[in-house]
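Trainee:
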Amino acid sequence: MKTRVGNGGVIPAGRRRFLKGCLGTAGAAVAGATVSERAAARETYQRPAEALGLLYDATLCIGCKACVAACKRANDNPPEFSTTDKLWDTPLDTSGYTFNIIKTYRSGTMATKDDEENGYAFMKTSCMHCADPSCVSACPVTAMTKDATTGIVAYDPEACVGCRYCVVACPFGIPKYQYDSPTGKIGKCELCRHRYKDGHYSACAEVCPTGATLYGRTSDLLVEAKRRLALTPGSVTTYPRGNLSGGPQQSYEGKVGNYKQHVYGETEYGGTQVLKLSAVDFAKVGMPYLPPKSSASTSETIQHTLYGGLLMPFAVLGALTYVAKRNVHHEDDEAPPAEPPGREES
Amino acid sequence: MSAQQHAQPAPVGGSLFNATTLVCGILMAITATIIIVRLFFGLSSTTNVNDGYSWGIWVVVDVFIGSALACGGFCMALLVYVFNKGKYHPLVRPALLGSLFGYTFAGAAITFDLGRWWNFWHIFWPGYFNVNSVMFEVAACITLYIIVMWIEFSPVFLEKLGLRDARRKLEKSLFFFIALGCVLPMMHQASLGTMLVVMGGQVHPLWQTPIQPLIYLLSAIMLGYGVILFESCVAASAYRRQIEVSLLNPMAKVMLGIIVLFLVVRFTDVAVRGALPEAFRASHIALTFWAENLCLVATFLLIGTVEARRNPARLFLAGITVMLSGILLRLNGFLIAFDTGPGWSYFPSVPELLVTIGIFAAEVFGYIYITRRFPVLPREETYAQPAHS
Ligand code: SF4
Ligand code: SF4
Ligand code: SF4
Chain A
1 MKTRVGNGGV IPAGRRRFLK GCLGTAGAAV AGATVSERAA ARETYQRPAE
51 ALGLLYDATL CIGCKACVAA CKRANDNPPE FSTTDKLWDT PLDTSGYTFN
101 IIKTYRSGTM ATKDDEENGY AFMKTSCMHC ADPSCVSACP VTAMTKDATT
151 GIVAYDPEAC VGCRYCVVAC PFGIPKYQYD SPTGKIGKCE LCRHRYKDGH
201 YSACAEVCPT GATLYGRTSD LLVEAKRRLA LTPGSVTTYP RGNLSGGPQQ
251 SYEGKVGNYK QHVYGETEYG GTQVLKLSAV DFAKVGMPYL PPKSSASTSE
301 TIQHTLYGGL LMPFAVLGAL TYVAKRNVHH EDDEAPPAEP PGREES
Chain B
1 MSAQQHAQPA PVGGSLFNAT TLVCGILMAI TATIIIVRLF FGLSSTTNVN
51 DGYSWGIWVV VDVFIGSALA CGGFCMALLV YVFNKGKYHP LVRPALLGSL
101 FGYTFAGAAI TFDLGRWWNF WHIFWPGYFN VNSVMFEVAA CITLYIIVMW
151 IEFSPVFLEK LGLRDARRKL EKSLFFFIAL GCVLPMMHQA SLGTMLVVMG
201 GQVHPLWQTP IQPLIYLLSA IMLGYGVILF ESCVAASAYR RQIEVSLLNP
251 MAKVMLGIIV LFLVVRFTDV AVRGALPEAF RASHIALTFW AENLCLVATF
301 LLIGTVEARR NPARLFLAGI TVMLSGILLR LNGFLIAFDT GPGWSYFPSV
351 PELLVTIGIF AAEVFGYIYI TRRFPVLPRE ETYAQPAHS
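The listed protein sequences correspond, in order, to chains A and B. Numbers 1 to 346, taken from my numbering, label the letters of the first sequence in order. Numbers 1 to 389, taken from my numbering, label the letters of the second sequence in order.
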């Protein structure tokens, strides 16, 4: 960014000095962000080695919603109604009271499962536990945190001020706020971290009858996901259920789906700890395209370049203080008119 | 120019009870009522904000736009004290006053938008700081700036109270606060732009760029001068005073310089990132992008020449076009070009609009009260003589 652009040759000296000055102080600070980006750049974070997560395989999902109900129970969340009879818990999307939901993709006659044309498919929506979460970067008061070992992105209502920057920042639209409550909290999946001490793991994976939602170390889940992608569609393989990285295996034999050759979450924004497999294009089932570079790393690079150690602000402040000290007393309203006039001309 | 240039500020005087203040009072009472309802029954009782658009006009208009419109004070301070253009001095106090109210009420507005407002002090408590958060930077900076502005403005009160010694002492250190009062708004106005960066692909490519802090900073400075043009004309007509054309004319020229710079930065960035084709799609997004930037072009058509800048009506209109552009830049980034996926929509509810209007009314009321009772606006006689330029 060069300052040259502002001066078209028609601007008198004083004005030019002003423009230069504006850029010199403030603009340079920002322009510096681009120049020194490489030096100060904060890399996209990767998952911790022992990161925990889920593998959701849409081709195995039967849409029974046992995981939705189990999630409600595990998190003490009330039912939400979208039908007039109010008989069943029927949330239409995740909310401040619903942290996990199964959505349906529909096309045409909806004849066959996992067909993009005239078919239908399921997709699970819940927190992805990003390696480099936007919500954690955004939160001003450290109410969103990422555990250094498990990588679980946790929420602390006691710290939260309810600014909802996490809500607008998350690329998956996951943190949701309880707008109907005067003491509303943010609601989102925390991988059932409150149940670990009792020997439990994520409730959704615990109850899933087909293993479509599988719990475990993300590294193990990634190996399993790649194994499935390498198989021939239609062939038979063994599918584990429950917890992939511990406890007894309750596996069963099933047919291999016609997977898209992509493990969603492997590289998106540096990777997520929840991984997904699908036979329908990920964009069509509501999973956004995300580059391998996280937006949190871009945002924090700017932030650190401009304000890291407060060097830049103090430098600018120092310069401005020096100049202001020279100029301010000339403008003292109460100064007697004996002061030589004419300083304004410059 | 002569030594007379330094017009002594004086209270305008006159009654505080008139049609304007009465209307302001009613609007403020309505606002207070709505805020109480909101605090007792949650955000959905009064607003249309939802998880797709969790920030409505209370954040985007009252805080992001409100604070930008309140940049007049720092822009004048920059001009007068840093670039030593003493002739602009009479514009400083009124501009600072506008900023003072703009920011103070923006600060108040954000508090009742906070979902867990009783925890607001966490933002200032080191144990909770997240220095990586742009929101943290903005919040801390704005709060500090509000305090600094009250200090900067306090000579006016001390003057009124006749505390000459206290005032003299304060003024010895005022240069430091003035410098601080320039750095802080530059920091958080730039950061308002950075706030968009973490939102990634949810913000349309025409507004999603790492150069956003520079764009917002330049826009805030432009806005600052635009608001001074606007305010000076409004104050002059409301109080039936002469418009300070001799000052506004050269100041407007400074503003034009910054507009040129802004447009070059804005379009270079869009072109370099390859987002330019987006501006030529047949969509409301492209339309609003052009509206934002054509407002600035319109400013040039209005006051591009010295002659044109002698015309108060043109100065007034130019103030409005610049303000519009800045308002659109912020509306676009945070609401119009912000897309969180299908199924979400937002339009402010009536109570939401009333609160925003009420906050504006409070600012107008405060401005009237202070200018009528305290020495802010320059004493009239000085400007009774023919203007020169
Ligand atoms: S999915 Fe959203 S809420 Fe979950 S960790 Fe990522 S950014 Fe945070
Ligand atoms: S709403 Fe709470 S958790 Fe979310 S960013 Fe604000 S303070 Fe952090
Ligand atoms: S419990 Fe398993 S099979 Fe049932 S809806 Fe949830 S993920 Fe699908």
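Cβ atoms here follow ideal geometry from the backbone N, Cα and C, with glycine treated the same way.
For B/R372, which of helix, strand or coil comes out of DSSP?
Mentor: The answer is helix: DSSP assigns B/R372 an H, G or I state.
Trainee: Quick one: Cα of A/E158 to Cα of B/I35, how far?
Mentor: Rounded to whole angstroms, A/E158 to B/I35 spans 23 Å at the Cα level.
Trainee: Can you find a CB in chain B that lies within less than 8 Å of the CB of A/E268?
Mentor: So no, A/E268 is outside the interface.
Trainee: Grab me the residues of A/G271's own chain with a C-beta within less than 7 Å of its C-beta, minus the 5 sequence neighbours each way, in chain order.
Mentor: If we look at A/G271 and ignore the five residues flanking it on each side, its Cβ neighbours are Q46, R47, A131 and G265.
Trainee: Please report the straight-line C-alpha distance between A/L229 and A/E117, rounded to a whole angstrom.
Mentor: If you take the alpha carbons of A/L229 and A/E117, they lie about 21 Å apart.
Trainee: Are three or more beta carbon pairs between the region 240-256 of chain A and the region 153-167 of chain A nearer than 8 Å?
Mentor: With the cut-off at 8 Å, the region 240-256 of chain A and the region 153-167 of chain A do not touch.
Trainee: Given a cut-off of 8 Å on the beta-carbon distance, is the pair B/H443 and B/I285 in contact?
Mentor: Residue 443 of chain B lies beyond the residue range present for chain B, which begins at 1 and ends at 389; the question has no answer from this structure.
Trainee: Could you spell out where the beta strand (DSSP E) holding A/M144 opens and where it closes?
Mentor: Start and end: M144 to K146.
Trainee: Which residues of the region 161-181 of chain A have a Cβ closer than 7 Å to any Cβ of chain B? Give them in chain order.
Mentor: Cβ contacts with chain B: V161, G162, C163, R164, Y165, V167, V168, A169, P171, G173, K176, Y177, Y179, D180 and S181.
Trainee: What residue from B/E152, B/S191 and B/Y225 has the CA that sits closest to B/L174's CA?
Mentor: It is B/E152.
Trainee: So with CB distances below 7 Å, who are the chain A contacts of B/F390?
Mentor: Here chain B has residues from 1 to 389 only, and residue 390 of chain B is not among them.
Trainee: Is the beta carbon of A/F99 within less than 7 Å of some heavy atom of ligand 1?
Mentor: No, since every heavy atom of ligand 1 falls outside the 7 Å radius drawn around the Cβ of A/F99.
Trainee: Short of 7 Å in beta carbon distance, which residues of its chain neighbour B/I147, apart from the five on each side in sequence? Order them along the chain.
Mentor: Closer than 7 Å at the Cβ level, and outside the excluded window around B/I147, lies no residue.
Trainee: Taking the beta carbon of A/A357 as the centre, do at least 16 other beta carbons fall within 10 Å, making it buried, or is it exposed?
Mentor: Lying before the first or after the last residue shown, residue 357 of chain A is absent from chain A, which here runs from 1 to 346.
Trainee: At a CB distance below 9 Å, what residues from the region 106-118 of chain B approach chain A? Give them in sequence order.
Mentor: Within the region 106-118 of chain B, the residues whose Cβ lies closer than 9 Å to some Cβ of chain A are I110, D113, L114, G115, R116, W117 and W118, listed in chain order.
Trainee: Taking the alpha-carbon positions, what's the B/Y383 to A/S297 distance?
Mentor: In this prediction, B/Y383 scores a pLDDT of 44, lower than 50, which makes its location untrustworthy; the coordinate-derived value is nonetheless stated afterwards. Approximately 54 Å, taken between the alpha carbons.
Trainee: Checking contacts by CB at 8 Å: is A/N327 closer than that to chain E?
Mentor: No chain E is present in this structure, whose protein chains are A and B.
Trainee: Would you say B/V82 reaches chain A, if we count a Cβ-Cβ gap shorter than 8 Å as a contact?
Mentor: With 8 Å as the cut-off, B/V82 counts as an interface residue toward chain A.
Trainee: Ignore the nearest five residues each way along the sequence and tell me which others in A/S235's own chain have a CB closer than 7 Å to its CB.
Mentor: Once the five neighbours on either side are set aside, the close Cβ partners of A/S235 are V256.
Trainee: If you draw a straight line from the alpha carbon of B/I359 to that of A/L55, how long is it in whole angstroms?
Mentor: Spanning the two alpha carbons is a distance of roughly 49 Å.
Trainee: How would you call B/D51, buried or exposed, if buried means at least 16 neighbouring beta carbons within 10 angstroms?
Mentor: Result: buried.
Trainee: Does the separation of the CB atoms of A/T321 and B/A318 fall below 8 Å?
Mentor: Contact flag unset, no.
Trainee: Is there a Cβ from chain A that is less than 8 Å from the Cβ of B/D51?
Mentor: Yes, B/D51 lies at the interface with chain A (some Cβ there is under 8 Å from its Cβ).
Trainee: Check whether the Cβ of A/C130 lies closer than 7 Å to any heavy atom of ligand 1, and answer yes or no.
Mentor: Yes, since a heavy atom of ligand 1 falls inside the 7 Å radius drawn around the Cβ of A/C130.
Trainee: Tell me whether B/G366 counts as near ligand 2, meaning its Cβ is closer than 7 Å to at least one heavy atom of that ligand.
Mentor: Answer for B/G366: no, Cβ out of range of ligand 2.
Trainee: Spell out a yes or no on whether the region 176-189 of chain A and the region 90-97 of chain A are touching, meaning 3 or more CB-CB pairs, one atom from each, closer than 8 Å.
Mentor: Contact holds: three or more Cβ-Cβ distances are below 8 Å.
Trainee: Hey, out of B/R309, B/F334 and B/G115, whose CA is closest to B/L192's CA?
Mentor: Cα-wise, what sits closest to B/L192 is B/F334.
Trainee: Taking just the CA atoms, how far does A/V207 sit from A/P66?
Mentor: Just to set this straight, residue 66 of chain A is Ala in the shown sequence, not Pro. Each residue's Cα considered, the two are about 6 Å apart.
Trainee: Pull out every residue of the region 173-201 of chain B whose Cβ sits closer than 7 Å to any Cβ of chain A, in chain order.
Mentor: Listed by position along the chain: L174, F175, F176, I178, A179, L180, C182, V183, M186, M187, A190, T194, V197, V198, M199, G200 and G201.
Trainee: Given a cut-off of 8 Å on the beta-carbon distance, is the pair B/W58 and B/E292 in contact?
Mentor: Result no, Cβ atoms of B/W58 and B/E292 do not sit closer than 8 Å.
Trainee: Any beta carbon of chain B sitting closer than 8 Å to that of A/E331?
Mentor: For A/E331, the predicted model reports a pLDDT of 44, less than 50, meaning its position is unreliable; a value from the coordinates is still stated below. For A/E331, the answer is yes, since a Cβ of chain B falls inside 8 Å of its Cβ.
Trainee: May I ask which residues mark the beginning and end of the beta strand (DSSP E) holding A/T125?
Mentor: Its beta strand (DSSP E) spans residues G119 to T125.
Trainee: Hey, is A/I102 close to ligand 3, as in C-beta under 7 Å from one of its heavy atoms?
Mentor: Indeed, a heavy atom of ligand 3 lies less than 7 Å from the Cβ.
Trainee: Below 8 Å between beta carbons: does that hold for A/C64 and A/N100?
Mentor: Contact flag unset, no.
Trainee: For B/A10, which three-state DSSP category applies?
Mentor: In this structure, B/A10 counts as coil in the three-state DSSP scheme.
Trainee: Helix, strand or coil, according to DSSP, for A/C192 in the structure here?
Mentor: Residue state, collapsed to three classes: coil.
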